[in-house]
Amino acid sequence: MKLIIDNSIQNAQTCFVWFERTGEPSLKPCLRLSFEAGILTLTHETILNTFEVSPESVRFKISDALDPRNLRAGLALGGDLRPLIDEVRCAALSDRDLLTACRNVSAKLDTMYSCGLLSLSGPALTPYDSWTYANEFEGSPVTSLLAFPTAAHFEAFKTKNQSLTEYRLEDLLRIGQTPVNAQICAAENDQGYQFMREWWISTVIYSLVGKVNRSIKKSARLNIFPDHTFESAIFFADRLYVIQLDVSCGMRVYSASAGKEELDRVRKEVSERGDAQLTSALKSLRARVLEKLDSNYRSNHGLKQRSK
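All you need for our numbering is the position in the sequence shown, starting with 1, plus 120.
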């Protein structure tokens, strides 16, 4: 009974694929295992429990801050999550001990997330640490994650909504959320909105540059190529924008949900706030790729490596 890992998992990126906007504020990521076909898929659905079983499949709730690279490693041949998934399918098909097998998978997913907290608190998330966060319930079980530039902004906002609970970055990650899908707390017509908007854009840019720098350092340390593409996501008015740095294509900002005027505004703001940092990061990334290509060529042709 071969387990099939769907492309939704194979192609998931580390940036924003763990959540999506579909008319509702947000749907939680989960893993769906089809018992008969043996297909494991990443979906976004409303799921209240750690796992939910139906006659045809089971869904496991996962943290939207879980690094998909860790998930793929766990599901690969020899990975420690794969045999647990196989046990769930065997239990379902034999109608024996299914709930126990499902609990084992949920526990393992929680452990994978907890073990990844340290890596998640690296340079990519450090810029978000200066913000304060809160979940806002909008009359439904679905919450909207808000970002506040200072604790004072949070306290002022809380006078209008006493149900808010304050989170720092570490607390947010511990409950399985990520600041990447937060939105600034001010409405566009509020005083101070533009200040918060610019600060938030700068935060996302610093995060993206941190990802690039970390990959370059890892590449040099392990003598491997750095990652080819880097992305950071940002939300404004429930619209998702993506800032991308790519070795071949350079820098771009795109959105599948925003209109041309809105997209042009964000592109202009990103350029104004981070053109120097992003250009420098892209230059360093390309330099590292060329250095690695040169090293490989010299190694393959028996030539002496360049001194650093």
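All C-beta atoms in this analysis are idealised placements derived from N, C-alpha and C, irrespective of residue type, glycine included.
Asked: Any idea what DSSP makes of Lys122, helix, strand or coil?; Found: coil
Asked: Starting from Ser154 and walking both ways along the alpha helix (DSSP H), at which residues does that stretch end?; Found: That residue, Ser154, is in no alpha helix (DSSP H); its beta strand (DSSP E) goes 148-154.
Asked: Rounded to whole angstroms, what is the Cα-Cα separation between Lys403 and Leu245?; Found: 22 Å
Asked: In chain order, what residues of the same chain lie with their CB nearer than 8 Å to the CB of Gly259, ignoring the 5 residues before and after it?; Found: Note that Gly259 scores a pLDDT of 46, beneath 50, so its modelled location is shaky; the value from the coordinates is reported in the next line. Nothing listed; no residue qualifies.
Asked: Taking a contact to mean a Cβ-Cβ separation below 8 Å, would you say Leu201 touches Phe155 in this structure?; Found: no
Asked: What residue from Arg223, Pro247, Asn224, Glu286 has the CA that sits closest to Tyr253's CA?; Found: Glu286
Asked: Look at Ser335 and Lys412 and say whether their C-beta atoms are less than 8 Å apart.; Found: no
Asked: How far does the alpha helix (DSSP H) with Asp358 in it reach, from first residue to last?; Found: From DSSP, Asp358 is part of no alpha helix (DSSP H); its letter is neither H nor E.
Asked: Please report how far the alpha carbon of Leu162 lies from the alpha carbon of Gln425, in whole angstroms.; Found: 44 Å
Asked: Judging by CA-CA distance, which residue of Glu165, Phe171, Pro149, Val178 is the nearest neighbour of Gly158?; Found: Val178
Asked: Go through its chain and collect everything with a Cβ distance to Glu256's Cβ below 7 Å, but skip five positions before and after it.; Found: Thr263, Ser264, Leu266, Asn281, Leu284
Asked: Candidates Ser174, His421, Tyr248, Ile129: which alpha carbon is nearest Leu191's?; Found: Ile129
Asked: I need the DSSP call for Ile167, collapsed to helix, strand or coil.; Found: coil
Asked: Could you work out which residue in Arg189, Gly370, Phe268 is closest to Arg406 when comparing CA atoms only?; Found: Gly370
Asked: On the three-state DSSP scale, how would you describe Arg372?; Found: strand
Asked: Under 8 Å by Cβ, that's how I've got Arg359 and Val373 pegged, so tell me the actual separation to the nearest angstrom.; Found: Not a contact, Cβ separation roughly 12 Å.
Asked: Using beta-carbon positions only, say whether Ser327 and Pro247 come within less than 8 Å of one another.; Found: yes
Asked: Got a sec? Which residues, its chain only, sit under 8 Å from Pro299 by beta carbon, not counting five neighbours each side?; Found: Leu245, Tyr248, Trp251, Tyr253, Leu265, Ala267, Leu289, Leu292
Asked: Leaving out the 5 sequence neighbours to the left and right, which residues in its chain are closer than 8 Å to Pro203 when beta-carbon positions are compared?; Found: none
Asked: Going by the DSSP bridge assignment, what does Ile159 pair with across the sheet?; Found: Ile124
Asked: Pull up the CB-CB distance for Ile205 and Leu123, whole angstroms please, since I reckon it's below 8 Å.; Found: 6 Å
Asked: What are the boundary residues of the beta strand (DSSP E) that Arg426 is part of?; Found: No beta strand (DSSP E) holds Arg426; DSSP gives it neither H nor E.
Asked: Assign Asn301 to one of two classes, buried (16 or more other C-beta atoms within 10 Å of its C-beta) or exposed (fewer than that).; Found: buried
Asked: Over what stretch of residues does the beta strand (DSSP E) that includes Lys181 continue unbroken?; Found: 177-181
Asked: Quick check: the Cα distance between Gln303 and Ser375, rounded to an integer number of angstroms?; Found: 16 Å
Asked: Could you have a look at Gln282 and say whether DSSP puts it in helix, strand or coil?; Found: coil
Asked: Looking at the structure shown, is Ser174 part of a helix, part of a strand, or coil, going by DSSP?; Found: coil
Asked: Tell me whether Glu351 sits in a helix, a strand or coil according to DSSP, three-state version.; Found: strand
Asked: In chain order, what residues of the same chain have a beta carbon less than 6 Å from the beta carbon of Thr170, not counting five sequence neighbours either side?; Found: Lys181, Ser226
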